[in-house]
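Residue numbers (this note's numbering), protein chains in the order written: chain A, -17 to 391; chain B, -17 to 391. Backbone N, C-alpha and C define an ideal beta-carbon position, used for all residues, glycine too. Data block below; observations after.
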């Protein structure tokens, strides 16, 4: 028997199900007998909460295509952080017991930094205990902050959503001839890639966003107010893109309204846009509003990037090929061959180089004042939002994969 | 000479430019010599701030099609409230002097309740002073609260955005197997039509939104908490659609965080969703988040309803036909012939019946508990979100009408 398990973890993206579909399609064509999905990430393996994906992978191309273009995670996610094996060998034994029971030869984990850490630790345990199973990571994150890959699945679709939304917000703002400021808060705790991609909203007639602030540069309230005043002299309406994670020179989040920690020690943020709206309202005599793009920037499948969805599918396929080649402890990665014309290839990179590391926007891609990005950033991000997916609609609503297995367990 | 002026007012919708395109197309085919657009509503007529639309209307079908599918308002809007003619006859004289100077035989004003009030007062002044100009209203508002028309242009597209967003937010929420509540705040100060249309997000696998609260019913915090607790017993994740305008039994907005008045005496609201999020956080031991759909629900052209865009265009055309028939002081309206199969026709209604009146969701379309809507609401709203527009994209971004004339005056 040749069986595999696939799981997903971390936060949703518009492309993580495309990678799932890619793994399923390749596993079917490479002769896997049973293709299982573990529900809610690694906890689905611990709890033996598995569903059969074999039939869809082998016999239902229509459903596979719907899955490829469905938001969030068909297999669900988890907030469980795998402990170190020296602290909790029982957890590892339980996971590998499930692998053994289901005769698993390959495990594919689709996720971000934390999931790559899980792949790394499981691989190390497997090698140490002489388990033959191949463990492969498939990247995803709208944050685009994974090392060793040119970019991450999900980023292109989120960037397309951000750029389109900023353009539509600009059209909304431009209707009045009175001065106004619109602050758009964009996801990104540590890396500013997604906020930086708002630059792609600029057109021949619209300079929005007029200001862009990333967490990579210390945020100064004084400079911010001066920047806005300067833009208001040039433009009637000023649109600002700001990352939720901007911090002052001392490293304190501009929004420190919520300080709870999640299982991975991340600080939960709220209201950077609202904080800056209040700041400007107390300083300027113009209308100020803030808009939080919120979860739709990661889940708005209806506006996904075809480039992103197709690459994410291909990365899933590549991961299966890696397992076939006997590779383990590695992540499937995108290598860019050229930006213009845009072309990529797929590679295998050691997962330990990815786990828990963060790729920031290079300082030289941010202007000296720290309120805009450079042409190099545009050249990098522009190809990733190109192309539109053809989502099927029924009664005016997009048709997505039925996820009742996540709701009735 | 046979000339006309078109203007737009009120808040943006995804369909108000479709009505503009419809007026332009019909005016061109019905032999108007010059077709002018007044910038920023009625103030564009007062200030003689006009642009030529004739060439696009007569010779540029490609641009006309882009205009038909562009967000917000190509001609801009205004916050100017026309005073009563007995209080300010100079304002009326100035407006009609512009009409005379440009040899205008018809004026088309595309807007909501307040704009229909303007049409009403201008028509009355014109009739009183024996001016032969036809003054016609073309409805628009995402709020769907205009009387004498089955529904309003812009509502169907906003409803499609709301339903799709709730479905995508539900997919985002369902990935975790821990209890959570997601509150989605939807626009609508006095009328709950748009919030009610969130019901269209329900699918065979997803019951979201599990609770729906409209401003038509008094909002009780105690009942709300009890409702949420009841839903949390049945569902792991509970999604709630709430109108920004919900009020308690005494008529006080649940969110009373901002009380400034705009020129029309409307109370500016903020943060109903956030207020309820805080309420639940202080009451329940589950994760609670709130999402404000904000301006994208009225400006997300990329997700507009084909039914809405086509009807809005047709209403614009019908308005010109009304002027040709010698009608004045009237609004073009939609009459529904049948819900299934859906079919409509267009009519002319006296604008005085529309001005400053508000059409609420009928009480019998809301359930007794006041936390859901009935099948009659579904039957009414469902046809309005059907169909997808084919927006052109360039470099991954939708192509909308160049509005630099609004930015550089």
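{"Item": "Please list, in chain order, the residues of the stretch 146 to 164 of chain B that have any C-beta partner in chain A closer than 7 Å.", "Value": "146, 147, 149, 150, 151, 153, 154, 156, 157, 158, 159"}
{"Item": "Let me see if you follow: with CB-CB separation under 8 Å, is residue 58 (chain A) close to chain B or not?", "Value": "yes"}
{"Item": "Have a look at residue 379 (chain A) and residue 169 (chain A) and give me their C-alpha separation to the nearest angstrom.", "Value": "26 Å"}
{"Item": "From residue 41 (chain B) to residue 297 (chain B), what does the alpha carbon distance come to, in whole angstroms?", "Value": "21 Å"}
{"Item": "Give a yes or no on whether 8 Å exceeds the smallest Cβ distance from residue 123 (chain B) to chain A.", "Value": "no"}
{"Item": "With three or more C-beta pairs closer than 8 Å as the rule, is the stretch 215 to 232 of chain A touching the stretch 168 to 188 of chain A?", "Value": "yes"}
{"Item": "Taking the alpha carbon of residue 120 (chain A) as the reference point, which residue from A:128, A:92, A:114, A:140 has its own alpha carbon closest?", "Value": "A:92"}
{"Item": "I want to verify the contact list: residues of chain A whose CB lies under 9 Å from the CB of residue 369 (chain B), in sequence order.", "Value": "375, 378"}
{"Item": "Any beta-carbon of chain A closer than 8 Å to the one on residue 384 (chain B)?", "Value": "yes"}
{"Item": "Residues of chain B with a CB under 7 Å from the CB of residue 284 (chain A): which are they?", "Value": "146, 285"}
{"Item": "Residue 287 (chain A) and residue 188 (chain A) look like a contact to me (Cβ under 8 Å); what is the Cβ gap, rounded to whole Å?", "Value": "In fact, because the Cβ distance is near 21 Å, the residues do not count as touching under 8 Å."}
{"Item": "Might you give, ordered along the chain, the residues of its own chain that have their beta carbon closer than 6 Å to the beta carbon of residue 143 (chain B), omitting 5 neighbours on each side?", "Value": "279, 282, 285"}
{"Item": "By how many angstroms is the C-alpha of residue 95 (chain B) removed from the C-alpha of residue 122 (chain B)?", "Value": "9 Å"}
{"Item": "Would you mind giving the Cβ-Cβ distance between residue 337 (chain A) and residue 102 (chain A), rounded to the nearest angstrom? I have them listed as a contact below 8 Å.", "Value": "4 Å"}
{"Item": "How do the stretch 338 to 353 of chain B and the stretch 153 to 160 of chain B stand: do at least 3 beta-carbon pairs fall below 8 Å, yes or no?", "Value": "no"}
{"Item": "Can residue 85 (chain B) and residue -17 (chain B) be called in contact, C-beta distance under 8 Å?", "Value": "yes"}
{"Item": "Rounded to whole angstroms, what is the Cα-Cα separation between residue 388 (chain B) and residue 388 (chain A)?", "Value": "49 Å"}
{"Item": "Please name the residue, chosen from B:97, B:46, B:115, B:2, that lies closest to residue 392 (chain B) on a Cα-to-Cα basis.", "Value": "Outside the displayed range of chain B (-17 to 391) lies residue 392 (chain B), so it cannot be described from this structure."}
{"Item": "Threshold first: 4 residues or longer. Then list the alpha helix (DSSP H) segments lying entirely within the stretch 171 to 203 of chain B, N to C.", "Value": "175 to 178"}
{"Item": "Listing by chain order, which chain B residues have their CB less than 9 Å from the CB of residue 273 (chain A)?", "Value": "274, 276, 277, 278"}
{"Item": "Just confirm the distance between the C-beta atoms of residue 7 (chain B) and residue 299 (chain B), as a whole number of angstroms; I'd bet it's less than 8 Å.", "Value": "6 Å"}
{"Item": "If you follow the alpha helix (DSSP H) that residue 327 (chain B) is part of, which residue opens it and which one closes it?", "Value": "Residue 327 (chain B) -> not in any alpha helix (DSSP H); beta strand (DSSP E) instead, spanning 324 to 332."}
{"Item": "Taking the alpha carbon of residue 57 (chain A) as the reference point, which residue from A:131, A:359, A:214, A:-12 has its own alpha carbon closest?", "Value": "A:-12"}
{"Item": "Counting only C-beta atoms, is residue 251 (chain B) closer than 8 Å to chain A at any point?", "Value": "Only weak support is given to the placement of residue 251 (chain B): the predicted model assigns it a pLDDT of 43, under 50, and the value that follows is read from those uncertain coordinates. No, no contact with chain A."}
{"Item": "Mind reading off the beta-carbon distance from residue 223 (chain A) to residue 191 (chain A)? Whole number of angstroms is fine, and I expect it under 8 Å.", "Value": "4 Å"}
{"Item": "Is any heavy atom of the ligand PLP found at a distance shorter than 7 Å from the C-beta of residue 375 (chain A)?", "Value": "By its list of ligands, the structure shown contains no ligand whatsoever, and the ligand PLP lies outside what it can speak to."}
{"Item": "What are the partner residues of residue 377 (chain B), as DSSP defines its beta bridges?", "Value": "Residue 377 (chain B) pairs with nothing; no bridge assigned."}
{"Item": "Would you tell me roughly how many angstroms separate the C-alpha atoms of residue 250 (chain B) and residue 238 (chain B), rounded to the nearest one?", "Value": "Residue placement at residue 250 (chain B) is poorly supported in this model, since its pLDDT is 39, which falls under 50; the coordinates are not used for a value here."}
{"Item": "Counting only beta-carbon atoms, is residue 186 (chain A) nearer than 8 Å to chain B?", "Value": "yes"}
{"Item": "Does the structure place the stretch 314 to 324 of chain A close enough to the stretch 357 to 370 of chain A that three or more beta carbon pairs sit under 8 Å?", "Value": "yes"}
{"Item": "Answer yes or no: does any C-beta atom of chain A fall closer than 8 Å to that of residue 180 (chain B)?", "Value": "no"}
{"Item": "Rounded C-beta distance between residue 304 (chain A) and residue 331 (chain A)? I'm assuming under 8 Å.", "Value": "10 Å between Cβ atoms; not a contact."}
{"Item": "Tell me the start and end of each unbroken alpha helix (DSSP H) in the stretch 76 to 152 of chain B that is at least 4 residues and wholly inside, in chain order.", "Value": "95 to 110"}
{"Item": "Give every residue of the same chain whose Cβ lies closer than 7 Å to the Cβ of residue 246 (chain A), excluding the five residues on either side of it in the sequence, and list them in chain order.", "Value": "Residue placement at residue 246 (chain A) is poorly supported in this model, since its pLDDT is 45, which falls under 50; the coordinates are not used for a value here."}
{"Item": "Under 7 Å Cβ-Cβ, which residues of chain B neighbour residue 55 (chain A)?", "Value": "157"}
{"Item": "Would you be able to state if there are at least three C-beta pairs under 8 Å between the stretch 42 to 49 of chain B and the stretch 70 to 85 of chain B?", "Value": "no"}
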